[in-house]
Amino acid sequence: MTTNYPELFCAFAGEASLVLGMLVVLGYDLTVGRKRSPTERWQASCILGGAALFSALVVGLRVGVVGPVLGGEFMLDALGVGTRAAVLVLAGLTLMLTAGTARLRNPAEFVAIVLLAATGFSLMAVAQQLLVAFLALELASLSLYVLAGFDKTRPESAEAALKYFLFGGMSAAFLLFGFSLLYGLTGSIDTSAIAAALAAQGSSPLLSVALVMVLVAFGFKAAAAPFHLWAPDVYQGAPATSAALIASASKLAGLTFFVRLLWPGLGYATGDVALRHFSPGWLAVVALLSAASLLVGNFGALAQSNLRRLLAYSAIAHAGALLLGVMAAGTAGPAPLYFYAATYGLATVGAFGVVAVLEAAGVGPQIADLAGLYRRSPLLAGCLFIFILSLAGIPPLAGFFGKFAVFAAALNFGGLASVTGWLAFAAIFLSAVALYYYLRVLKQALVAPPAPGADGRIAVPGAAALALLLAALLLVVLGVFPSLLLQIFS
Amino acid sequence: MIHAGLNTYVTLSALLFVIGFFGVLLRKNTLVIFMSLELMLVASTLALVAFSRFNGTLDGNVFVFFILTIAAAEVAVGLAIIVALFRMRRTVQVDELNALKH
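Take a look at the structure:
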């Protein structure tokens, strides 16, 4: 195989600009920025970082859908290009929120690590060979561990980082062992060659072990029960904008990564979940993870009094629905899953952005502290209203259309008499449960009067306000015109 | 001299992986957990090298070089997190880390 370097550079100019931007941010802060005030350093770092993200987005979209690159090691298909664009937008929103609200030291390092994480996500979205995929996943994960522990003044942040690191490290080890078994079985680390070799040699006990190991890592990355234990602690302890990135872009990139691995690569070991011809395979395991996540997430969220932990349990519940989308991707393609994950990411970044602004203003993390938000800051209350309703899946917001597309695809996938059909119904019923805890948040924010002594206005920094409005606007527009995002798949 | 076959290597690496896994689950000291985590990575490395030898392709060997680099980066990040935590809490025992509840 001869390497076509111009083609390679053309396809990855976006990633190159991210890495270059990271170096520029660090270099600027080291030379010019260190003489300035902390506020100016934050602004300069975020503007430089935002410019790098924007140029990566423009370059990535200009390259467009070109198919396999470098002999099939990367796949720039609609899913890859769409995921790349979405993670860059989500990372950009995170940076804008950080610019207005962060009270952290070391602004340049924070922005540089966000850019590194974005590079990792963007490579995860297109990697198709096991080695490249693993490297991309680790680049993203290691950056996120650092981001989770970035606030060195709060013990909770370090504790969250440690928990995230230990769970993440273990899941990476599982994934790696699964990969090494797959390599041993098939003699190749190329997804298409693995698929061909598996189809030729049939199933074996070793293949089942490899599958289970890969699925453990998948469950961790998607925060699916029973591998969800890290999520509430990390979402609660990490700095709010780090949590936003962990909850949104990381999830989207992880789902793309595993859909790419499971359907084309391990397609032979799919199994069947229809009742009449049930056969074991990864589909059955993913169905179990999905059912457990729907139950644990929705019922766990009912008991939460902390807004961040509530968002974490809601993330687990959404992971259950997203896994349904992963299963349905076999017949419906990745479009419904992608739409759901991208719009869920937007709503989550927005919700965590509201949390970040509130915490910067000294308003506590409990749901009860939201009381009277509509009077203290109509902008925050309005944005929170849109984000929460989109998470709940209320039309005409984008969250509704994402849920609708995924459930319809799941019902089409196996019909009514199959596990996916039942799961889709369970998810629809549990959405009613979910509505209760989402409305509890909105009731505090929009109906309850402000507590005595805590009724001053909350100032929203300009950049954060812009990011929140942008996310809310995107949710409304994509809800009304979903084809704007889905047209890349046609 | 007894010739070790592929099964020997795979069994050994599976054993190392299981030892590492139980180390992560059962030990209470963060540093020991961290060492067990590295053991799990090394187990996969051994399996990759053995498969590479017996498959007759070089992919596994190349994979291992990258894993060694990743493991080094992971050590750097992990130890930094443990040091940051120790500065705040003066402990590295996992059962004393329970600040994050409700």
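Chains A and B, in that order, give the protein sequences.
Heads up, the first sequence stops at 490 in our numbering, and the numbers go up one at a time, no gaps.
Heads up, the second sequence stops at 592 in our numbering, and the numbers go up one at a time, no gaps.
Beta carbons are placed, not taken as given, at the ideal position from N, Cα and C, and that holds for glycine.
Remember, predicted model here, so these are calculated numbers, not experimental data.
Close partners of valine 363 of chain A in chain B (Cβ separation under 7 Å) are lacking, with about 17 Å as the shortest Cβ gap.
Separation of proline 395 of chain A and glycine 479 of chain A (C-alpha to C-alpha, rounded to the nearest whole angstrom) is 7 Å.
When Cβ-Cβ separations below 9 Å define contact, aspartate 585 of chain B makes no contact with chain A.
Out of A/Thr101, A/Ala317, A/Thr98, A/Met213, the CA that lies nearest to the CA of phenylalanine 429 of chain A is found in A/Ala317. Within chain A, the residues Pro155, Ala158, Glu159 have their CB atoms less than 8 Å from the CB of arginine 579 of chain B, given in chain order.
Taking glycine 372 of chain A as the centre and dropping the five residues before and after it, the same chain places the C-beta of Ala448, Pro449, Pro450, Ala451, Ala454, Asp455 closer than 8 Å to its C-beta, in chain order.
Taken in chain order, the whole beta strand (DSSP E) runs of length 3 or more contained in the stretch 40–73 of chain A are 67–69. The Cβ-Cβ distance between glutamine 236 of chain A and proline 365 of chain A falls below 9 Å.
The stretch 134–209 of chain A is shown to contain no whole beta strand (DSSP E) run of 3 or more residues. When only Cα atoms are considered, leucine 496 of chain B and phenylalanine 544 of chain B end up about 7 Å apart. Think of a sphere of 9 Å around the beta carbon of glutamate 109 of chain A: no beta carbon from chain B falls inside it, the nearest being about 12 Å out. Using a Cβ-Cβ distance cut-off of 8 Å, the stretch 73–85 of chain A and the stretch 29–46 of chain A are not in contact, since fewer than three pairs of beta carbons, one from each stretch, lie closer than that value. Taking CB atoms only, methionine 525 of chain B has no neighbour in chain A less than 9 Å away. Put simply, the CB of glutamate 138 of chain A is near chain B, with a gap under 9 Å to one of its CB atoms. A Cβ of chain A is located within less than 9 Å of the beta carbon of glycine 546 of chain B. Interface flag for glycine 568 of chain B against chain A is set, since a Cβ pair is found closer than 9 Å. Counting only runs of at least 4 residues, the stretch 356–408 of chain A fully encloses the following alpha helix (DSSP H) elements, listed from N- to C-terminal order: 373–376, 378–392.
Cβ-Cβ distances below 8 Å link phenylalanine 385 of chain A to Leu442, Ala445, Leu446 in the same chain, with the five nearest sequence neighbours on each side left out; the list follows chain order. For serine 526 of chain B, the enclosing alpha helix (DSSP H) has its first and last residue at 520–545.
The beta carbon of tyrosine 145 of chain A sits closer than 9 Å to some beta carbon of chain B. Here the alpha carbons of leucine 527 of chain B and methionine 170 of chain A stand approximately 6 Å from one another.
For the pair alanine 173 of chain A and alanine 566 of chain B, the CB atoms are not nearer than the 9 Å cut-off. In terms of Cβ geometry, glycine 219 of chain A and alanine 210 of chain A do not form a close pair [threshold 9 Å]. Within 8 Å of the CB of glycine 414 of chain A, no CB atom of chain B is found; the nearest one sits about 34 Å away. Taken residue by residue, none of the stretch 31–56 of chain A has a beta-carbon sitting less than 7 Å from a beta-carbon on chain B.
Taking a cut-off of 8 Å for Cβ pairs, the stretch 127–135 of chain A and the stretch 103–118 of chain A do not touch, as fewer than three such pairs fall below it. The C-alpha of glutamate 15 of chain A lies about 7 Å from the C-alpha of serine 122 of chain A.
Ranked by how close their Cα comes to the Cα of valine 539 of chain B, the residues B/Phe524, B/Ile523, B/Ile557 have B/Ile557 in first place.
Bridge partners of alanine 127 of chain A according to DSSP: A/Phe74. Within chain A, the residues Tyr183 have their CB atoms less than 7 Å from the CB of glycine 550 of chain B, given in chain order. A Cβ of chain B is located within less than 9 Å of the beta carbon of glycine 169 of chain A. Taking 9 Å as the CB threshold, glycine 187 of chain A lines the interface with chain B.
The continuous alpha helix (DSSP H) containing serine 483 of chain A extends over residues 483–486. Contact of leucine 590 of chain B with chain A by beta-carbon distance below 7 Å involves Glu156, Glu159, Ala160, Asp233, Gln236, Gly237.
Taking the Cα of phenylalanine 177 of chain A as reference, the smallest distance to any Cα among B/Val573, B/Thr535, B/Leu590, B/Ile571 is reached at B/Thr535. One finds Leu162, Leu166 in chain A with Cβ atoms closer than 9 Å to the Cβ of threonine 520 of chain B, taken in chain order.
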